[in-house]
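In the working numbering, the protein residues as written are 1 to 88.
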């Protein structure tokens with residue numbers, strides 16, 4: 001299932017590390033702090049377990065959203081005055 005991961009991390013070093021981890025898991029960056037890709041439920045759980053061991057501050061957060069293909073097709077991206085529909 002497609003999985004969207006977004007994060008808000010104050011430390012530049014840790015933020016970069018999270019981005020590298022997500023790339024290593026085969027996810028694709030779609031925004032500065034957002035990645036998407038195919039993960040099984042077990043892979044999502046394994047990744048969450050791995051990420052929870054990072055030294056996050058009280059204010060840092062990482063959100064993992066499983067997204068069904070039906071909903072993903074409703075995606076809209078607004079770029080310079082236009083709206084594009086479909087998967088990112």
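Note that beta-carbon positions come from the ideal geometry of N, C-alpha and C, so glycine has one too. Everything numeric in this text was worked out from a predicted model, so none of it was measured.
Leaving out five residues on either side along the sequence, give the residues of the same chain with a beta carbon under 6 Å from the beta carbon of residue i.
i          : result
residue 1  : 66
residue 83 : 76
Give every residue of the same chain whose Cβ lies closer than 8 Å to the Cβ of residue i, excluding the five residues on either side of it in the sequence, and list them in chain order.
i          : result
residue 38 : 1, 2, 3 and 26
What is the DSSP secondary structure of residue i, reduced to helix, strand or coil?
i          : result
residue 49 : helix
residue 12 : helix
residue 17 : helix
residue 23 : helix
Return the chain-ordered list of same chain residues with a C-beta closer than 7 Å to the C-beta of residue i, the five sequence neighbours on each side being excluded.
i          : result
residue 86 : 73 and 75
residue 48 : 64
residue 88 : 30, 36, 75 and 77
residue 69 : 2
Just to confirm, are residue i and residue j a CB contact at a threshold of 7 Å?
i          : j          : result
residue 50 : residue 33 : no
residue 60 : residue 21 : no
Based on DSSP bridge pairs, tell me the residues matched to residue i.
i          : result
residue 66 : 3
residue 59 : Beta-bridge pairing links residue 59 to no other residue.
residue 75 : Answer by DSSP bridge pairing: none, since residue 75 is not bridged.
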